[in-house]
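Residue numbers (my numbering), protein chains in the order written: chain A, 10 to 399; chain B, 11 to 256.
Even glycine gets a Cβ: it sits at the ideal position worked out from N, Cα and C.
Predicted model only: the values in this text are computed from it and were never measured.
Before any comments, here is the structure.
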Amino acid sequence: MIPGVDGFMYPNEVELQWSLLIVLYPYITGLVAGAFILASLERVFKVEAVKPTYRLALLTALAFLLVAPLPLQLHLGHPERSFEMYLTPHTSSAMAMFGFVYLWYLTVVLLLEIWLEYRADIVRLAQTSSGIRRIVYKLLTLGSQNVSPASRLIDDKVGWAVTVIGIPSAFLLHGYVGFIFGSVKANPWWSSPLMPIVFLFSAMVSGIAAVLVLYMAAMKVKKMAIDMRCVDTIAKYLFYTFIIDFTLEMLDLVHRTYEADESFRSLDFMVHTRLWFSQVILQIFVGTLTPLAILAATQVWKFRDAVRRGLYVGAGLLTLVGIFAMRWNVVIGGQLFSKSFLGYTTYKIDFVTREGLLPAIFLMLLPFVIFVVLVKLLPPWPERETAGVD
Amino acid sequence: MDISRRDLFQVGGKLLVLASVGATLEQITGAAPPSDAYKMADHWWGMLIDIDKCIGCGNCVRACSKENNVPEGYFRTWVERYQVEEGKQPRVDSPNGAMDGFPPNTRTGLKAFFVPKLCNQCADSPCVQVCPVGATFVSPDGVVLVDKSYCLGCRYCVQACPYGCRYLHPETNTVDKCTLCYHRITQGLTTACCESCPTGARQLVDFKNPRDPVHEFLRHNKVQVLKPYMATEAKVYYKNLDGSVR
C-alpha cells in the first residue's frame with residue numbers, strides 16, 4: 010500500500026504534477042480579468058455609478074497581472090527556458106499562447122489604458138512633486154507634456170478604443186486559461202467545452218468582488234465616505250454575474266450527472282470524499298450559496314447603509330473564498346483521481362519548498378503590496394481629495 | 011575460456027547458415043552497424059504485447075530501469091495485475107510497478123492476468139500536441155521523444171497523457187518517459203524490456219518493414235490498443251486485451 014493512495018493509481022500518477030501555485034495562476038488572472046471588466050462598465054457602457062472604482066479597478070488589475078506569471082515561473086522545472094515560449098512557440102499547444110496573451114493584455118491593454126487615464130495627473134505631479142518622485146513622474150510622462158483640452162480629448166478617445174479592445178482581451182485572457190484545462194481530453198474532470206466560459210464568469214465574479222472589497226477598505230483607510238450608489242451598483246452586477254456563473258457550473262454538474270459516462274462513478278466518489286470539504290462545503294455552500302443569498306437579500310429588502318456595507322464586505326470576501334476553492338477543486342481535484350478510474354491519491358502541501366505554502370502566501374500578498382505602491386504613485390481618488398497626499 | 015568441440019560446431023554451424031542467407035557480418039557478430047546505416051524514414055516503430063504470455067515476473071521493469079537509469083519510484087514501463095470478479099470493479103495492483111514481481115494472489119476463482127504498460131508511442135499524441143515549445147515530438151520513425159535540453163518542465167504533457175506514462179525526472183527537472191530504447195533500436199537491437207522478457211510477451215515491431223512478423227500477427231489475431239476512444243493512434247497493440255483494462 011502506498012501512503013495516501015486508495016485503490017489503484019498508475020505508478021507515475023501518485024505524485025501531483027500541478028501544485029498550489031497552479032491554483033493561484035487562474036485565481037490571479039481571474040481577478041485581473043474581472044477587475045478590468047468592471048472598469049470597462051464605466052468607460053464603455055457608461056455605468057456612471059461605478060465611476061469611483063474605475064481607476065481603482067485598473068490598478069487592481071495591474072497589481073495582479075504583474076504577479077500572474079510568477080507562480081508559473083516558480084513551478085517550471087526550468088524557469089530559465091520559459092522565454093523559449095516566445096521564441097519557438099509550438100503552435101498546436103494551448104499553453105504556448107500564454108506569453109503572447111499576457112504581453113498583449115499587459116502592454117497593449119492595461120498599461121496603455123492606465124497611462125492614458127493618468128497622463129494629465131502624471132504631468133501635473135511631475136511639476137508639483139520633488140526629489141525622486143519628480144524623476145519617476147517625469148519618466149512616466151514618456152516625454153508627453155501636453156495636457157491641453159484638445160490632447161485630453163485625444164487621450165479620452167484612444168482610451169475608449171483601448172477599453173473596447175480590452176473587453177474581448179479580458180475575455181480572451183481568462184477564457185483562454187479555461188481552455189488550457191478544458192482541452193485536456195485525457196482528464197474528464199477538466200475536459201469540457203464549458204470550462205472557458207465557466208472560468209470567464211467566475212473571473213468576473215472574483216474580480217468584481219475584489220474591487221468591491223478593496224474600494225470599501227481603501228475608503229475606510231483614507232477615512233473617506235463610501236459612495237453607496239456605487240457599491241449598490243457593483244453589488245447588483247456581482248449578484249447577476251454570480252447567478253450566471255453558478256448556473257453554468259450547475260449546468261456542468263447536471264450534465265455530468267445525467268450523462269454519467271465512464272468517469273462519473275469515480276468522480277462522484279471523489280466529490281463525496283476527498284473534495285467534500287473544498288467543493289461542497291467551501292465552494293458551493295460557503296463561497297457561492299451564502300454570498301448569493303446575502304446579495305439576493307440586499308436586492309429584495311432595504312437595509313440601512315451601515316448594514317448594507319457590512320453585507321457587501323461579507324458577501325465579497327466569501328465570494329473570493331468560493332472562487333479560490335473553485336480553482337483549487339479544478340486544478341487539484343483534477344489530479345486526485347486515477348485516469349484508470351480505479352483509485353485516488355492525496356495532495357500534501359509542503360511549506361518551505363519552491364511550490365509550498367510559504368511562496369504561495371507570499372505570491373498572494375505581493376499583489377496587495379504592489380497595489381499599495383501603485384495607489385501611492387497614481388492616486389485613484391479625485392484631485393480635491395488627494396490634495397494632501399504629496 | 012574453454013570452448014568444447016560441440017560449442018565450436020554449434021557456432022560454426024550458425025555462422026555458416028547466416029552467411030548462406032546473405033546476413034552481414036554485423037548481424038552475425040551482433041556488432042553495432044555504422045550510425046549512417048540507420049534511416050529513420052525506413053522505420054515506424056511499435057510494440058506487440060501478448061497478454062496471455064505475460065507471467066508478471068517484472069524482468070522488463072528491472073531491465074528498463076537499469077538500461078535507462080530510471081529514478082526510483084518512477085516508471086518508463088510497469089506491469090499491472092488485474093483480478094476481475096463478475097459484475098464488479100476490477101481489483102488492480104502494481105506494487106512498485108512490479109519491479110519485484112507480484113505477491114501471490116490472495117483470492118482464488120477470479121479471472122486474473124497481467125498487463126505490461128509503457129508509452130503507447132501514439133502517432134496523434136496528446137502530449138506532443140500540448141508541449142508549449144515542441145520539446146516533445148514524434149520522431150520520423152514513430153517514437154515519441156523528449157528533448158531534455160529544451161523541456162521547460164511545465165508538465166502539461168504529463169496531464170495530457172491518458173495512460174500515465176510520463177513523469178518529471180527529479181534530477182533533470184525535465185519530463186521523462188519511455189523512449190522505446192531509442193539508443194538501442196537505432197543500432198539494430200531490440201528494447202531492454204523485450205530482450206529481457208522470458209516468454210516473448212513483448213515484441214518490438216517495425217510497421218514499415220514488410221518482412222516484420224507484425225503483419226502476419228495482425229492478420230491472424232484480435233488486437234486492441236488501450237483506451238481506443240482517446241483516438242491517439244497508439245502503436246502498442248495488445249493481444250487478448252480484456253475489456254476491464256484501463
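Going along the chain, which residues of its own chain have a beta-carbon closer than 6 Å to the beta-carbon of residue i, five neighbours each way excluded?
i: Val132 (chain A); result: Thr150, Gln154, Val156
i: Pro44 (chain B); result: No answer about Pro44 (chain B) holds up, because its pLDDT of 46 lies below 50 and its placement is not dependable.
i: Val32 (chain A); result: Arg336, Trp337, Val340
i: Ala58 (chain A); result: Arg238, Cys239, Thr242
i: Val102 (chain B); result: Glu90, Tyr92
i: Pro100 (chain B); result: Tyr92, Val94, Ser254
Can you confirm whether residue i, when its beta carbon is compared against all beta carbons of chain B, has any partner nearer than 9 Å?
i: Arg90 (chain A); result: yes
i: Asn21 (chain A); result: yes
i: Gly269 (chain A); result: One point to set straight first is that residue 269 (chain A) is Ala, not Gly, in the sequence displayed. With 9 Å as the cut-off, Ala269 (chain A) does not count as an interface residue toward chain B.
i: Ser349 (chain A); result: yes
i: Leu81 (chain A); result: yes
i: Gly184 (chain A); result: no
i: Gly343 (chain A); result: yes
i: Ser138 (chain A); result: no
i: Ser101 (chain A); result: yes
i: Ala105 (chain A); result: yes
i: Ile131 (chain A); result: no
i: Ile189 (chain A); result: yes
Compare the C-beta of residue i with all C-beta atoms of chain A and state if any pair is closer than 9 Å.
i: Ala170 (chain B); result: yes
i: Cys175 (chain B); result: yes
i: Pro44 (chain B); result: With a pLDDT of only 46 at Pro44 (chain B), under the threshold of 50, the placement of this residue in the model should not be trusted, and no figure is reported.
i: Thr116 (chain B); result: no
i: Arg221 (chain B); result: no
i: Val140 (chain B); result: yes
i: Asn250 (chain B); result: no
i: Gly68 (chain B); result: no
i: Glu226 (chain B); result: no
i: Lys245 (chain B); result: no
For residue i, return the contacting residues in chain B, with the cut-off set at a CB-CB distance below 9 Å.
i: Thr97 (chain A); result: Val143, Gly144, Tyr160
Return the bridge partner residues of residue i from the DSSP annotation.
i: Gln234 (chain B); result: B:Tyr248
i: Gln213 (chain B); result: B:Leu58
i: Glu90 (chain B); result: B:Val125
i: Val156 (chain B); result: B:Thr146
i: Leu178 (chain B); result: B:Val185
i: Arg265 (chain B); result: Missing from the structure shown is residue 265 (chain B); chain B here goes from 11 to 256 and no further.
i: Gly16 (chain A); result: A:Gly352
Give the interface partners of residue i over in chain A, defined as CB-CB distance under 7 Å, in chain order.
i: Gly163 (chain B); result: Leu85, Gly86, His87
i: Gln93 (chain B); result: The contacting residues do not exist; Gln93 (chain B) stays about 11 Å from chain A at best.
i: Arg256 (chain B); result: Ser349, Phe350, Leu351
What residues in its chain sit with their C-beta under 7 Å from that of residue i, if we drop five residues either side in the sequence?
i: Tyr287 (chain A); result: Checking the displayed sequence, the identity of residue 287 (chain A) turns out to be Ser instead of Tyr. So the qualifying residues of the chain are Ala334, Trp337, Asn338.
i: Trp113 (chain A); result: Ser178
i: Arg212 (chain B); result: Met57, Ile59, Cys70, Pro126, Cys203, Cys204
i: Arg283 (chain A); result: Leu345, Tyr353
i: Phe380 (chain A); result: Leu68, Thr69, Ala72
i: Thr34 (chain B); result: A caution first: Thr34 (chain B) carries a pLDDT of 45, below 50, which makes its placement in the model too unreliable to give a value.
At 9 Å on the CB atoms, spell out the chain A contacts of residue i, in chain order.
i: Phe85 (chain B); result: Tyr19, Pro20, Asn21
i: Asp110 (chain B); result: Within chain A, no residue comes near Asp110 (chain B); the closest Cβ sits about 13 Å away, beyond 9 Å.
i: Leu178 (chain B); result: Glu24, Gln26, Gly86
i: Thr184 (chain B); result: Gly86, His87
i: Val102 (chain B); result: Gly16, Phe17, Ser349, Leu351, Gly352
Give the interface partners of residue i over in chain B, defined as CB-CB distance under 7 Å, in chain order.
i: Lys194 (chain A); result: Pro136, Met240
i: Met94 (chain A); result: Pro142, Val143
Please return the same chain residues whose Cβ sits closer than 8 Å to the Cβ of residue i, not counting the five positions on each side in sequence.
i: Pro98 (chain A); result: Ala105, Met106, Gly108, Phe109
i: Arg274 (chain A); result: Phe350
i: Lys232 (chain B); result: Lys249, Asn250
Run through chain B and tell me which residues come within less than 8 Å of residue i, C-beta to C-beta.
i: Trp27 (chain A); result: Arg165, Gln169
i: Glu364 (chain A); result: Simply none; closest approach about 11 Å.
Just to make sure I have the definition right: I need the residues of chain A whose C-beta is within less than 8 Å of the C-beta of residue i. Which are they?
i: Gly2 (chain B); result: Residue 2 (chain B) is absent from the structure shown; chain B starts at 11 and stops at 256.
i: Gln99 (chain B); result: Leu351
i: Arg194 (chain B); result: The premise fails here: Arg194 (chain B) is roughly 22 Å from chain A at the closest Cβ pair, so nothing lies under 8 Å.
Suppose only complete runs of 4+ residues qualify. What are the alpha helix (DSSP H) ranges in the stretch 52-139 of chain A, listed by chain order? 63-76, 78-84, 93-96, 107-112, 121-137
Item checked: Length-filtered (4 minimum) alpha helix (DSSP H) runs lying within the stretch 320-363 of chain A -> 342-345
ask   = Curious, which full-length alpha helix (DSSP H) runs of at least 4 residues does the stretch 208-294 of chain A contain?
value = DSSP runs (the alpha helix (DSSP H)) wholly in the stretch 208-294 of chain A: 237-268, 273-281.
Subject >> beta strand (DSSP E) segments (min. 3 residues) lying fully within the stretch 138-181 of chain A >> reply: none
By the 8 Å beta-carbon criterion, what residues does the stretch 30-61 of chain A contribute toward chain E?
The question asks about chain E, but that chain is absent: this structure's protein chains are A and B.
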